[in-house]
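Everything on this sheet refers to the single structure shown next.
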Amino acid sequence: MTGGRFFDEMRGMDGTVREPYREVARWIDDTPDRRMEQKRREAEILFRRLGITFGAYGAAAGHETAIPFDLIPRVLSQTEWRRLEAGLIQRTRALNAFLRDAYGKREICRAGRIPEAQILQNEQFVPLAQDLDLPGGVHAHICGIDLVRTGEEEFFVLEDNVRTPSGVSYMLENREVMMRLFPRLFADNIVLPVGRYSEALIETLKAAAFSGAADPCIALLTPGQYNSAYFEHAFLADEMGIELVEGSDLFVDESRVYMRTPRGPRRVDVIYRRIDDAFLDPLAFRPDSMLGVPGLVSAIRSRNVNIANALGNGVADDKSTYPYVPEMIRFYLGEEPLIPNVPTYRCGIVEECRYVLDHLRELVVKETHGSGGKGMLVGPAASQAEIEEFRLRIQADPAGYIAQPTLALSTCPTFVEQGIAPRHVDLRPFILSGREVVIMPGGLTRVALREGSLVVNSSQGGGTKDTWVLGT
Amino acid sequence: MLSSTAKNLYWLARYIERAENTARILEATNRIALLTRGRPQGGAEWLSVTGIYGCEMALRERHANPGLEELMHFMAFDEHNPSSIYCGVRAARNNARAERNNLTTDVWENLNGMWLELQSMARLGGPGGDWHGFLDWVKKQAQLVTGAAQSTLLRDEAFNFLALGNFIERGDSTARILDVKYHILLPKGEPVGGSIDYYHWSEILSCVSAFRIYRRVYASAIEPWRVAELMILRRDLPRSLHFCQRQVNFHLEELAEAFAARHEAHRLSGEIYSQLRYGRIELIFQNGLHEFLTDFIQRNGRLSDQIERDFLMK
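Going line by line, the protein sequences match chains Y and S.
Going by this note's numbering, the first residue of the first sequence is number 31, and it counts up by one from there.
Going by this note's numbering, the first residue of the second sequence is number 16, and it counts up by one from there.
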């Protein structure tokens, strides 16, 4: 199936079914394509109805299309997951320690492990966040860490997302739909549940309150219904039973944040914001922002309200910072990274840049500030013209680019038009840091539906799968 | 609950109620036009409908010499006419989408379904001449939405705002129907109760679904002062001013209890309500029906503004 070139999640390198997939493989064999197709249609209807949430919340709802959902689950064994979980917790702790330090004394720079310019010159650095001293020292309350796999034992961290990672609603809805469609599969396999996420999230947010009040008031701040992730904002607010607010629903008085209600102003203690830093407060950042709340930053600095995730987190998940994360783990935790980085060349460094320019055909080049699979060159798939264009771009602004070897991303059987075929996948687990670090077993598996494509982003034709961690 | 939620629900209810009332008025207009066709002077009475909405100028800007078909299209489908059914349903549906998590699936699906179907009709350029069928459909759909709201929504604070919007709008609409039609029906200088056009009066009653009810209540020929009494003072007619104001008053009281606070809106509402509760039709006619109705419309508008100030803009 894979031609031996890629590691297949179900059939490994040699074509024999791997243990965690035993039941799933049998189920695939027993299910004719016709029935799969019928179930796929049922899934679509379910997403529209139960996930009425999806269609209805969405941007231009009615003609909003949900991200395609693939029926065949992606399965991880208990042992695989334990290893990943430990690695994710380790990485999240290090990232939080780094953010605390980056906006504190910057010991890591004094120790010579990261150049201070990497922090201070970073466009994502927010001077207003200096010395915030946040509850529990947590800056990244909600992290999405993207993992890829290239072999039985080889997992890599591809990217950290510690600003406003999205996609968790798909993780939850995918499971919901799978359980409705294939109850027997869940009887034949012990799959660890993920449904407790919203409860864990609200606990995480409560722990972020400055006041230490027993019952802090929490609100979810959305850019509004035209944002592409709006349905997720509404979905999460609903699940947590908190208010979904837009900037105009909030105001700041005497450095305190209030929500406008028909009863009168109601004090807000924690804001789960799904708005980027730049738009958060027109008094502190972009003055033309209509989405934010004037005075919010001063309220944060006065310790009257906390936001999740914290201000200025971009300094930790920027692609130019990524190569330093293993060093952060060593420096703050005194441990070796459990999940390695993908080897990365920084074009800002002369020798590394020379190597990159000489090997463009083999490498993936990314803009340090890019996201969503845009501003990216996949060397082996690119035309000569595209390569030359990137060469010029890199030469013009070397520090704006990094490069990595093209990874042989693992594949997972996927139901496509031609039947069941292997497609490349990645994995985004969601890590919550409150009083403790909590991860729902699994995460969101994204799959590149186009044959041969290595880009899983939904904006580039990616779909999603239910992700299982087996209980035994 | 957020003020913006209360505001969206309040206006959602107003928009839906308005769409239904517009359909009712257009139904009557359509029938009057058919009845008076070919009669001298019967020409443009149906244009009075634009008087109800204050959009005659806008219509004339769109059509130099509007006929019945143009008028119907303008009031039903014109997406630049804020008073059209199309715009009303669109606005209601936008509000519902924003408050999706504060509504039940039943309310959302009925309203969304109505909007989608209306859109496809608009793309076809209208109902293909079947205005009667179309307006009936609008009424039914709007009733499905309000019915779903009545039978499925939690009776929490939010529900009161929905109900307020519903009855503020309905009261306004009934008053306008009566005022504009009454004006046309009474040629200048003619005393009240003089010669009237039976068909016009029966159409006014049909506008508020009260033709049969009139017969049941009065068992008499249709007389203008009784029509006015029915539509203004009857406590039990669901589209009368008295009925609407009683509901408005009730839901404001509910809010006063829930929030343990009274506002200027409560005072204004009580004032309007007592006038309707204790009013007599003879006195209203003595002081001028038109004056009474315009006064009501103004006060009702002030009450709506006050509700916004007391609850929705906080």
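C-beta atoms are modelled at their ideal positions from N, C-alpha and C, and glycine is treated no differently.
{"Check": "Amino acids of chain Y, ordered along the chain, whose beta-carbon sits closer than 8 Å to that of S:E172", "Outcome": "P292"}
{"Check": "Any alpha helix (DSSP H) of 4 or more consecutive residues that is wholly inside the segment 95-143 of chain Y", "Outcome": "108-132 and 137-140"}
{"Check": "Min CB distance Y:M270 to chain S below 8 Å", "Outcome": "no"}
{"Check": "Separation of S:M90 from S:H257, as counted between CA atoms", "Outcome": "28 Å"}
{"Check": "is_contact[Y:Q255, chain S] using C-beta, thresh 8 Å", "Outcome": "yes"}
{"Check": "For Y:D318, three-class secondary structure by DSSP", "Outcome": "coil"}
{"Check": "CA nearest to the CA of Y:C173, picked from Y:N343, Y:T444, Y:E382 and Y:R421", "Outcome": "Y:N343"}
{"Check": "Helix, strand or coil at Y:H454 [DSSP, three-state]", "Outcome": "strand"}
{"Check": "Check whether Y:A73 and Y:L101 have beta carbons under 8 Å apart", "Outcome": "yes"}
{"Check": "Neighbouring residues, chain Y, relative to S:M16 (Cβ below 9 Å)", "Outcome": "E273, T291, P292 and R293"}
{"Check": "C-beta atoms of Y:T497 and Y:L462 nearer than 8 Å", "Outcome": "no"}
{"Check": "CA-to-CA distance, Y:G277 to Y:G405, given in whole angstroms", "Outcome": "30 Å"}
{"Check": "Within chain S, partners of Y:D279 - CB distance below 8 Å", "Outcome": "L17, S18 and S19"}
{"Check": "Span separating the alpha-carbon of Y:R140 from that of Y:N219", "Outcome": "51 Å"}
{"Check": "Cβ of S:K329 within 8 Å of any chain Y Cβ", "Outcome": "yes"}
{"Check": "Local Cβ density within 10 Å of Y:V198, reported as buried at 16 or more and exposed below that", "Outcome": "buried"}
{"Check": "Buried versus exposed, by CB contacts within 10 Å (16 or more), Y:D44", "Outcome": "exposed"}
{"Check": "Among Y:V386, Y:T194 and Y:L164, nearest to Y:R333 - alpha-carbon criterion", "Outcome": "Y:L164"}
{"Check": "Residues near Y:N126 by beta carbon distance below 7 Å, same chain, minus five either side", "Outcome": "G167, V168, H169, A170 and S463"}
{"Check": "Range of the contiguous beta strand (DSSP E) that encloses Y:F186", "Outcome": "F185 to N191"}
{"Check": "Spatial neighbours of S:A164 in its chain, beta-carbon cut-off 7 Å, leaving aside the 5 residues before and after", "Outcome": "V122 and L177"}
{"Check": "Close Cβ partners of Y:A411 (< 7 Å) along its chain, the five nearest in sequence each way excluded", "Outcome": "none"}
{"Check": "Neighbouring residues, chain S, relative to Y:A267 (Cβ below 8 Å)", "Outcome": "N116"}
{"Check": "Residue range of the unbroken alpha helix (DSSP H) whose run includes S:G148", "Outcome": "W146 to T167"}
{"Check": "Residues within the segment 261-288 of chain S neighbouring chain Y, beta-carbon criterion of under 7 Å", "Outcome": "F274"}
{"Check": "Chain Y within 8 Å of S:F311, Cβ atoms only", "Outcome": "no"}
{"Check": "Three-state class that DSSP yields for Y:Y256 in the structure shown", "Outcome": "coil"}
{"Check": "Interface flag, S:F326 vs chain Y, CB-CB below 8 Å", "Outcome": "yes"}
{"Check": "Residue ranges of each alpha helix (DSSP H) within the segment 70-97 of chain S, 4 or longer", "Outcome": "71-77 and 83-91"}
{"Check": "Y:F361 versus Y:P195 - alpha carbon distance", "Outcome": "26 Å"}
{"Check": "Residue from Y:I75, Y:V323, Y:N191 and Y:D299 with nearest C-alpha to Y:E203", "Outcome": "Y:I75"}
{"Check": "Euclidean distance between Cα positions of Y:G325 and Y:A314", "Outcome": "8 Å"}
{"Check": "Residue from Y:D161, Y:P471 and Y:Y385 whose Cα sits closest to the Cα of Y:V105", "Outcome": "Y:P471"}
{"Check": "Identity of the residue in Y:Q108, Y:W57, Y:E397 and Y:R64 nearest Y:A429 by Cα", "Outcome": "Y:E397"}
{"Check": "Local Cβ density within 10 Å of Y:Y87, reported as buried at 16 or more and exposed below that", "Outcome": "Here Y:Y87 scores only 41 on pLDDT, less than 50, and its place in the model should not be relied on; the value that follows carries that caveat. Classification for Y:Y87: buried."}
{"Check": "Y:I82 to S:I287 span [Cα, whole Å]", "Outcome": "In this prediction, Y:I82 has a pLDDT of 45, which is less than 50 and means its spatial position is unreliable; nothing more can be read from the coordinates."}
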